Ligand SMILES: Cc1cc2nc3c(=O)[nH]c(=O)nc-3n(C[C@H](O)[C@H](O)[C@H](O)COP(=O)(O)O)c2cc1C
Ligand code: SF4
Ligand code: SF4
Ligand code: SF4
Ligand code: SF4
Ligand code: SF4
Ligand code: SF4
Ligand code: SF4
Ligand code: FES
Ligand code: FES
Ligand code: FES
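Protein chains in written order, with this note's numbering: chain A, 11 to 622; chain B, -5 to 161; chain C, 295 to 882.
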């Protein structure tokens, strides 16, 4: 590294200070700009809605605004995920002085009608006139009074659906990078203190206190002048897409959180590790880094302080295990993503052998609001040990499926029946699965359980990253257990025997039971393997892989039982048939030979016979 | 002959593409992403060039390629069909879609039709679970599919390929 | 001073140096924890999961967990034992039950663990062969990889990649499909593998073993018309005893000769004779390059075939630096079928030469080029490893321990101390210097200078020194373990690029750590302790030799007088020298 002279540093600091002014001015400019408009149409263009055709909807909006001469009055905003992805593409019309209005399943045709029959008349007639909407338009309304919206509490998702993820000015206008500026005027220990007081815990699954992790990194000395922050955006849990949406909805918040962490810990550069299957998230991270570099947010002597920081991006390549932190580090180094034992912990010896703190996307996104609004504001939300909110991907057989952010401690009941609006099939609710392949099921009988790290653990599940899959009466628990196990068996890195072979063997046993050929002893073997995997697997993947199976056995034993009974019946019938056959044969032979006893085979020849 | 030529071309193109990653730390996987982006898979010749340029043994490159699901060692078909079997899609009937593809094209996960037109792969969560079950064909997303939709999708792409190849 | 740490293991306090693993700490108080993937030579891979213990209540792997102050470790309780048993049962469930016909029978770590754990039934359905399995790979005819028996402990990969720096083997694929193979799932013979056999020396199971040629040797011995000749390598005499209960490093040369004679060999020779010839030729070659300026410097030794293979694959530009001299056993082979055949009047086609080597690569060397047929026949017919010959002696029912010591046959059985030290790292160089000194100065070295201390020893991978030879400085480098070669080669290449004088004049390289005493065909379970013991054995053999310099060997003098003329003569060139070609890393 090149040492800078005192003079050069002074210059950089001055540059930083002027960059700070410029950035704040960008925010102000944006506010001014917005004032000019009378209305705004927010269209979701995040992954789900985009896939559903949001791009052509946006074109249709623009085109009809143009033809109706409204381009100067109505601001078109392409936003991040609005939450109710299943009914997308979504578009929200906000006209000054009127209540916002949300449309679902918007097509280009509907977009044109919205402009001509909703936006144009409303602007013409002014705010006092009541809106007269056609029945067709009314049928496409998605009430913002739905519990789906009202029961949420948005910290991390606050900007999603309300702003343009690509507009840095808008980010700054809504408080962006001001948390970082605030931190730069504090001592690193003070920043750590705020995070500690907030009670923020890692959202990547295990709920490790973020401040504690950062303290460990802060204490680790620089190695060859370096120390790293890593943002874990691997999100391999199938059926969870929170991190994808958070990044897709604008990566500046996460970058800012990372930089605050870096300032607090003395980290010198940061790495985003994003799943390759998330092109939108990748694009937004790239953009955020590019913008941040351009405006002097990343670089040397940031905002005139002594703090310098750089960030870079790497993708995954399709391996769930790379979400595990030690595997992630291997992958970042361009190697196979196989975990290695801890200790040493990444904060001691991480990326390229240097101290590294790994934080989940959502964890980092929580940081700037905590700094801006104070730790108390944050810790008021949630339960005694689980503070703040948690984002869930509510999917499966639920009416309102999508992305939701709720206070910790929200009950399962509220999630499924209020926010989710009950099962989509109308059939009785059976269970939710949380924690994905590492988690377990919460049966209907535990509907009143508040969702937080501890309670979930008690039930043999875990918070995981936030996938929440609702299942109704028709769903087989053995099937769902098999599904997850199949996933972890496929995704096992193959390094350690308990997971590589244990998972595979357990899957064979579960399959056998599911196919109606299992026995009680198979269930016992499953439990034996499960115990060994929990204890002897090297990493979290193998240690938690048995959870979906063990948890369904715990709560839905009868489903396994009945499959086994069926199998026994089948076997008994078969045996009866065979017995009849053989007695026939016997009679024919009239021979009474003693058959040799077929005893068990030795598992492995020990060669003892030769050592006389 | 033709094969040699294409091998030389692969080597040249790979070499060019690697200038971006050569001197970056831990950039092997990124380089391989780019290579696959260019050729649709990672050819052996490209691996050899990468080994040389980036100073990484072949053993590691191959070990990395076979570890990650994303990488292909053989040229896939022209139309790549990804069927999501993430949890949300699984619950909403992804298996039915896979069965339908098997019935229509005889394809299972990772297989390509004999004419090299269709390639089927099972993927895990594309991040649009709201549209479950999801199918993506050459970048185009189809949401809320039923087995009946599968036939339509195949027909659509057959037609499209016939057109573009006819031109 | 080393920082010490106190921890409790099974309620007993232990003090250990900082950085000690829990496994090693337990060993210090005679607490044995079972292991499968751990090997003292290697960085722990943490793969098998057998060595789990409870540390402060958490189950962790003892092999890779460093001991920490105040740790409380429990190494055995019913939970731990049960978990280990299940893990072992799982491992066995993906492993064939083929002990009776397995090359590792009685020497297999998995087998003995299964024996100890008293596993009496297949707890889970056996899942071998899985559909993903690779076929057995015996393509090199030196080592055999049977993926079905592989427990993926990762030792071979660790050795091949990090100790040997060959990167022939790697862990491919993942989940149950994970397997060990060269890139592209190529056959080993088409891969960069240099056949050093270090993987076989470290594999705990029968998944990687030496290619077994013993049956071929038995049938050669059976054939009445054959005149079977055998030779033993320097490093074999200090390791073979281990198979018969001797301490590592015990010199059992006389008993080995006796055993071989009992097996039916007509003449017992010693590769050491060949080593003395090597020194005469290689020493003269060096003098030719160094004093007379004929040929490039530095000169690099070539008696290790794995190293030759390595150079031909990875550093073909170094070919001119290689000594053209063949390795000692190849020399004995060529001389047996010419010089000796003439002497005793036996038709060379009837002579079969069998080499007993510490080495798997020698199996490849005897066929590597047309120069290996210099006598007009294949100079060496079969090369056996130490492990194979030990098994054969046991088959023959020879009571090795109680054998009367015997002598080798003349003339190809006589040797000097210089030849003996060939077996360890630095030895070839030392032996060469003893003769080079004589050739250059015309005077014998002082007795106390015979042992060139700075280049001996197994601890350092690269050893350097400067020697004064008749007023001229000779810069010497000795490297062992091909992983250490890169540094040396880089230095050479750098100097070349800068147009500087090369940093060395003479370089010795041995592919295996410690040299041949740690060879890939040696008795299993080698550690640095054992390497040191074997080396000490050879050094004492040298110390008590009548002649300690190759040029003093009377039989060598006679060989030159009667047959070769002088070193580097045309005849020697034809019989005793070879050539090298670049080899691609992969054949597709
Ligand atoms: C198999 C496995 C997969 C994981 N996947 C993820 C993931 O996709 N995203 C994530 O943030 N953390 C994941 N984790 C947790 C990480 O190892 C790590 O604890 C987390 O990134 C730390 O960040 P946090 O403290 O902010 O939660 C995974 C862990 C395991 C064992
Ligand atoms: S538990 Fe599974 S994923 Fe983790 S290291 Fe072991 S084999 Fe790999
Ligand atoms: S040979 Fe001996 S140890 Fe092996 S299976 Fe037979 S009886 Fe058992
Ligand atoms: S490798 Fe070991 S356990 Fe396996 S068959 Fe051979 S001797 Fe038996
Ligand atoms: S013989 Fe040597 S080079 Fe070949 S695979 Fe084994 S360790 Fe690697
Ligand atoms: S071949 Fe042997 S050393 Fe290599 S991983 Fe398999 S069992 Fe271990
Ligand atoms: S170098 Fe090794 S193999 Fe060669 S002769 Fe010496 S001891 Fe034998
Ligand atoms: S060092 Fe010796 S045993 Fe090892 S490969 Fe070379 S000659 Fe063979
Ligand atoms: S992607 Fe549009 S609402 Fe989620
Ligand atoms: S599970 Fe299919 S898109 Fe998420
Ligand atoms: S010996 Fe420790 S994990 Fe294998």
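A virtual CB, placed ideally from N, CA and C, is assigned to each residue, including glycine. It should be emphasised that the depicted structure is a prediction, and the values quoted were computed from it without experimental measurement.
Residue i vs residue j beta-carbon contact at 8 Å
| i | j | result |
| --- | --- | --- |
| residue 80/B | residue 141/B | no |
| residue 478/A | residue 402/A | yes |
| residue 540/A | residue 520/A | no |
| residue 726/C | residue 877/C | no |
| residue 332/A | residue 244/A | yes |
| residue 356/A | residue 366/A | yes |
| residue 283/A | residue 338/A | yes |
| residue 435/C | residue 657/C | yes |
| residue 312/C | residue 323/C | no |
Top-ranked residue by Cα proximity to residue i, from the options
| i | options | result |
| --- | --- | --- |
| residue 566/C | 845/C, 864/C, 880/C, 312/C | 845/C |
| residue 27/B | 344/A, 579/A, 364/A | 344/A |
| residue 93/A | 70/B, 129/B, 125/B | 125/B |
| residue 146/B | 110/B, 99/B, 60/B | 99/B |
| residue 232/A | 278/A, 97/A, 321/A | 278/A |
| residue 832/C | 588/C, 529/C, 722/C | 529/C |
| residue 625/A | 316/A, 80/A, 303/A, 81/A | In the structure as shown, chain A starts at 11 and stops at 622, and residue 625/A therefore has no counterpart that could be examined. |
| residue 413/C | 357/C, 734/C, 400/C, 387/C | 387/C |
| residue 325/A | 3/B, 0/B, 65/B | 65/B |
| residue 874/C | 752/C, 663/C, 668/C, 739/C | 663/C |
| residue 48/A | 68/A, 104/A, 370/A, 445/A | 104/A |
C-beta neighbour in chain B for residue i, strict 8 Å
| i | result |
| --- | --- |
| residue 227/A | no |
| residue 407/C | no |
| residue 483/C | no |
| residue 477/A | yes |
| residue 396/A | no |
Rounded C-alpha distance that separates residue i from residue j
| i | j | result |
| --- | --- | --- |
| residue 622/A | residue 858/C | A caution first: residue 622/A carries a pLDDT of 40, below 50, which makes its placement in the model unreliable, though a value can still be read off. Taking the straight line joining both Cα atoms gives about 53 Å. |
| residue 9/A | residue 238/A | Nothing can be reported for residue 9/A: it is not among the residues displayed for chain A, which extend from 11 to 622. |
| residue 410/C | residue 535/C | 26 Å |
| residue 511/A | residue 535/A | 13 Å |
| residue 31/B | residue 53/B | 22 Å |
| residue 41/A | residue 46/B | 53 Å |
| residue 678/C | residue 507/C | 7 Å |
| residue 421/A | residue 214/A | 20 Å |
| residue 384/A | residue 336/A | 32 Å |
| residue 823/C | residue 623/C | 27 Å |
| residue 360/C | residue 353/A | 8 Å |
is_contact[residue i, chain A] using C-beta, thresh 8 Å
| i | result |
| --- | --- |
| residue 62/B | yes |
| residue 113/B | no |
| residue 11/B | no |
| residue 355/C | yes |
| residue 381/C | yes |
Beta carbon proximity, residue i to chain C, threshold 8 Å
| i | result |
| --- | --- |
| residue 535/A | yes |
| residue 574/A | no |
(request) Mind checking the segment 236 to 249 of chain A against chain B and listing, in chain order, the residues whose C-beta falls within less than 9 Å of any C-beta there? (result) Listed by position, the residues of the segment 236 to 249 of chain A near chain B (Cβ gap below 9 Å) are 245, 246, 247, 248, 249.
(request) Return the residues of the segment 20 to 45 of chain B that lie within a Cβ-Cβ distance of less than 7 Å from chain A, sorted by chain order. (result) Residues are counted here when their Cβ sits less than 7 Å from a Cβ of chain A; for the segment 20 to 45 of chain B these are 20, 21, 22, 23, 24, 27, given in chain order.
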